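A.B. asks: Heads up: the sequence shown runs through residues 474 to 991, numbered per the working numbering. Have a look at this one.
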Amino acid sequence: MRVPSVSYLGRLPRIILTAALLLSTGINSNFLFPDRVFAQTAASPRPAGEAYIVPFVTKRLANGLEVIVLKDSSVPLVTVELAVRNGSFTEPPEYHGLSHLYEHMFFKPNMAAILNECDQRPEATLISVCRNAFSLRDQIGDTSYLRDSNKLSVYNGTTREEIVNYYYTTTRDYLESAIKTINDSVRFPAFDPEQLEDEKKVVIGEIDRQEANPFGFLDRELRKRLFYKYPSRKDPMGTRESVRAATVEKMRTIQSRYYVPNNSALIVTGDADPETVFLLAEKIMGSWKPRAVDPFKEFPLVDHPPLEKSEGLIVERPADTLNGEGGENVFVEIGWQGPSIGKDDAATYAADVFSYIITQPDSRFQRNLVDTGLVASVDFGYYTQRNVGPINLVFSCRPDKVKQALAAIYREIDAFIKPNYYTDEELSASKTILETRDLFEREKASEYAHTLGFWWSSTGIDYFKTYHQRLRAVTRADIERYLKTYVIGKNHVAVALMTAETRKRINLTEADLIGGAK
């Protein structure tokens with residue numbers, strides 16, 4: 474399953490993730506890719522007639538808020554998450570990175586917290602912010618729940634291309650307090666100008682760290698070219714310039730467009746009764762006013778144009794950022810524009826199955842590239858997106874083997890659709906691995922809330938309900954259609970990362986990178 478927990482990288486192959494994950498705002502690497510040791514433990518596939526169903530229940534409130542509950546009483550904990558269809562896919566250049574900045578502001582004191590504090594200050598009527606808070610008392614209601622705020626100490630948020638989420642994990646006794654905290658943060662943000670300026674500095678610091686890391690830099694350069702007309706729509710981090718230009722007014726615009734109940738989901742996992750959650754959601758968030766017009770109808774997604782030609786780029790970095798065990802390495806990432814949810818769902822299932830076939834250690838792909846010593850590591854994967862999901866292949870190798878490795882990789886790609894490239898057993902095992910991984914992730918309900926949020930936002934929860942059924946139905950013909958439509962013989966972008974000295978020594982060309990050299 475293709476569920477990222479990354480603020481700006483998306484679902485990249487493990488070689489880049491290993492070095493780049495720490496750059497984002499709430500990352501769990503196992504959430505993207507199971508360890509290969511785990512992947513090899515997959516047993517025989519589930520019987521064909523046996524249905525696999527994730528036992529979550531949903532209810533849509535009158536204001537459009539979708540409430541999703543997955544009960545798991547194995548431990549007395551609950552995770553309460555708010556998922557919002559926001560992120561870089563909503564961002565024109567002037568809002569580039571501001572969904573991420575908004576995420577930072579979400580956890581700042583809101584008007585409910587200010588009201589609670591002002592109620593305890595005799596001079597409050599003389600303070601303008603308190604007068605503003607008092608004017609919202611009827612909407613905010615009782616703030617005594619804030620006495621439990623220290624019980625909600627496990628919290629975080631992430632920003633990605635097609636979702637922004639916020640969550641609290643606490644004991645089951647504080648379920649209502651967690652929902653109230655999220656409600657007040659989303660409906661009554663304060664957006665203090667001084668705090669906004671402080672958070673700009675924090676976000677710019679994250680951008681600095683991303684660009685200082687060669688892996689993050691490599692991927693960002695690829696995405697700029699893969700989605701060349703609207704690069705801001707695929708880069709949640711933003712630029713220093715766009716973040717510095719953020720204003721309170723822009724934060725309010727984001728709130729009014731996307732932070733509305735009919736563009737949000739409340740997700741609760743853990744030791745919580747669904748009916749209790751539904752009642753609390755109605756009681757606390759039922760009065761949240763919906764937006765009159767669906768934001769994606771008023772502000773439709775852009776259409777990323779297809780690549781007009783393949784493109785290669787060599788990025789030079791200092792040696793001290795690239796030296797690995799045994800000496801200097803070269804890193805290469807190749808990207809294609811893949812399928813979109815809602816336009817070619819069948820290809821997304823085929824993409825998942827094929828990715829897991831060729832990333833298993835005993836696959837032909839791995840044997841011909843890793844076991845032969847051509848590359849140190851190689852990965853291939855598709856990242857589910859509603860608005861054009863990227864397909865990425867990434868590898869590292871020694872400088873003297875780059876050209877040979879590239880030639881071998883393109884030979885492997887051309888061979889993907891040959892009847893003997895993978896066995897029926899590998900096809901079946903890949904489906905089992907994907908299903909087993911999802912079962913494994915459900916063991917930690919606090920993490921599974923993010924899985925549900927991702928699927929709800931990027932694909933719609935109905936897609937997820939039938940995911941395993943559709944996955945098990947994938948055939949060789951489906952995989953071949955996917956590969957012919959999006960990968961084999963299709964325009965792509967390839968970016969190589971190396972030192973200036975290495976580039977001069979090995980004489981790598983753009984033609985080598987894109988597979989044009991023979």
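Idealized CB from N, CA, C, for every residue including glycine. The structure displayed is predicted, hence computed values, not measured ones.
At what residues does the beta strand (DSSP E) containing arginine 533 begin and finish?
C.D. replies: Counting along the chain, the beta strand (DSSP E) containing arginine 533 begins and ends at 529 to 533.
A.B. asks: By the DSSP assignment, the alpha helix (DSSP H) with proline 687 in it spans what residues?
C.D. replies: Proline 687 -> alpha helix (DSSP H) spans 687 to 699.
A.B. asks: Express the C-alpha separation of lysine 782 and histidine 965 in angstroms, rounding to a whole number.
C.D. replies: In a straight line, the C-alpha of histidine 965 is about 7 angstroms away from that of lysine 782.
A.B. asks: So, isoleucine 864 versus glycine 811, is the Cβ gap smaller than 7 angstroms?
C.D. replies: In this structure, glycine 811 lies closer than 7 angstroms to isoleucine 864 by Cβ.
A.B. asks: When you compare each of Glu714, Ile727, Leu907 to glutamate 576 by their alpha carbons, which one comes out closest?
C.D. replies: The shortest C-alpha separation from glutamate 576 is found at Ile727.
A.B. asks: Take lysine 653 and list the residues in its own chain whose beta-carbon comes closer than 6 angstroms to its own, dropping the five residues that flank it on each side.
C.D. replies: Only Tyr618, Ile757 meet the Cβ criterion.
A.B. asks: Which full runs of the beta strand (DSSP E) of 3+ residues lie inside the region 626 to 661, going along the chain?
C.D. replies: Qualifying beta strand (DSSP E) stretches, in chain order: 627 to 632, 637 to 644.
A.B. asks: Per DSSP, what kind of secondary structure is glycine 854 in: helix, strand or coil?
C.D. replies: Three-state result, glycine 854: strand.
A.B. asks: Based on Cα-Cα distance, which residue from Ser919, His777, Ala535 lies nearest to threonine 563?
C.D. replies: The candidate whose alpha carbon is nearest that of threonine 563 is His777.
A.B. asks: In angstroms with no decimal places, state the Cα-to-Cα distance between serine 425 and glycine 862.
C.D. replies: Limits of the chain in this structure are 474 at one end and 991 at the other, which puts residue 425 out of reach.
A.B. asks: Quick check on DSSP: helix, strand or coil for glutamine 593?
C.D. replies: Coil.
A.B. asks: Three-state secondary structure (DSSP) at glutamine 810?
C.D. replies: Glutamine 810: strand per DSSP, three-state reduction.
A.B. asks: Under 7 angstroms, do lysine 673 and valine 721 count as touching if we go by C-beta distance?
C.D. replies: Not closer than 7 angstroms, so no.
A.B. asks: What's the C-alpha gap between alanine 824 and leucine 774?
C.D. replies: Each residue's Cα considered, the two are about 23 angstroms apart.
A.B. asks: Starting from glycine 743, trace the alpha helix (DSSP H) both ways and give me its first and last residue.
C.D. replies: Not the alpha helix (DSSP H): glycine 743 falls in the beta strand (DSSP E), residues 737 to 743.
A.B. asks: Please name the residue in His941, Tyr921, Asp887, Glu920 whose C-alpha comes closest to that of serine 903.
C.D. replies: When only C-alpha atoms are compared, the closest one is His941.
A.B. asks: Since glutamate 539 is in the beta strand (DSSP E), which residue starts that stretch and which ends it?
C.D. replies: Glutamate 539 -> beta strand (DSSP E) spans 539 to 544.
A.B. asks: Thinking C-beta only, is threonine 644 closer than 7 angstroms to asparagine 638?
C.D. replies: In this structure, threonine 644 does not lie closer than 7 angstroms to asparagine 638 by Cβ.
A.B. asks: Does phenylalanine 838 come out as helix, strand or coil in the three-state DSSP assignment?
C.D. replies: Helix at phenylalanine 838.
A.B. asks: What are the boundary residues of the beta strand (DSSP E) that glycine 785 is part of?
C.D. replies: Looking at the DSSP string, the run of the beta strand (DSSP E) that includes glycine 785 is 784 to 789.
A.B. asks: How far does the alpha helix (DSSP H) with glutamate 748 in it extend, from its first residue to its last?
C.D. replies: Note, glutamate 748: alpha helix (DSSP H), 747 to 758.
A.B. asks: Name the DSSP bridge partner or partners of asparagine 865?
C.D. replies: Bridge partners of asparagine 865: Gly808, Gly854.
A.B. asks: Which residues bound the beta strand (DSSP E) around isoleucine 555?
C.D. replies: Note that residue 555 corresponds to leucine in the displayed sequence, not to isoleucine. Run containing leucine 555: 550 to 557, per the beta strand (DSSP E) assignment.
A.B. asks: Does the separation of the CB atoms of methionine 584 and alanine 651 fall below 7 angstroms?
C.D. replies: The answer is no: Cβ separation not under 7 angstroms.
A.B. asks: Assuming valine 553 contacts isoleucine 655 (C-beta within less than 8 angstroms), just tell me the rounded distance between them.
C.D. replies: Indeed, because the Cβ distance is near 6 angstroms, the residues count as touching under 8 angstroms.
A.B. asks: Excluding the five sequence neighbours on either side, which residues of its own chain have a C-beta within less than 7 angstroms of the C-beta of valine 542, listed in chain order?
C.D. replies: Phe529, Val530, Val741, Ala745, Pro747, Val750, listed in sequence order.
A.B. asks: Could you have a look at methionine 710 and say whether DSSP puts it in helix, strand or coil?
C.D. replies: The answer is coil: DSSP assigns methionine 710 none of H, G, I, E or B.
A.B. asks: If we ignore side chains and look at the alpha-carbon of each, how far apart do glycine 854 and leucine 847 end up?
C.D. replies: The alpha-carbon atoms of glycine 854 and leucine 847 are separated by roughly 20 angstroms.
A.B. asks: Taking all protein chains shown into account, do 16 or more other C-beta atoms lie within 10 angstroms of the C-beta of leucine 599, making it buried, or fewer, making it exposed?
C.D. replies: Leucine 599 should be labelled exposed.
A.B. asks: If we count the other Cβ atoms within 10 Å of its Cβ and call it buried at 16 or more, is glycine 988 buried or exposed?
C.D. replies: Burial call: buried.
A.B. asks: Spatial neighbours of arginine 976 within its chain, please: C-beta separation below 8 angstroms, excluding the five flanking residues on both sides.
C.D. replies: Here the set comprises Ile787, Glu789.
A.B. asks: From what residue to what residue does the alpha helix (DSSP H) around valine 875 run?
C.D. replies: 875 to 888 is the span of the alpha helix (DSSP H), which, as asked, contains valine 875.
A.B. asks: Evaluate isoleucine 613 with the Cβ neighbour count: other Cβ atoms within 10 Å of its Cβ, from every protein chain shown; 16 or more gives buried, anything less gives exposed.
C.D. replies: With 16 or more Cβ atoms within 10 Å of its Cβ, isoleucine 613 is classed as buried.
A.B. asks: Looking at glycine 689 and glutamate 569, is the spacing between their C-beta atoms short of 7 angstroms?
C.D. replies: Note on identity: in this sequence residue 569 is histidine, with glutamate being the wrong assignment. Cβ atoms of histidine 569 and glycine 689: not closer than 7 angstroms.
A.B. asks: By DSSP's criteria, valine 803 is part of a beta bridge. Which residues make up the other side?
C.D. replies: Answer is Cys870, bridged to valine 803.
A.B. asks: Just verifying my parser: in three-state terms, what is the DSSP assignment at leucine 780?
C.D. replies: Here leucine 780 sits in coil by DSSP.
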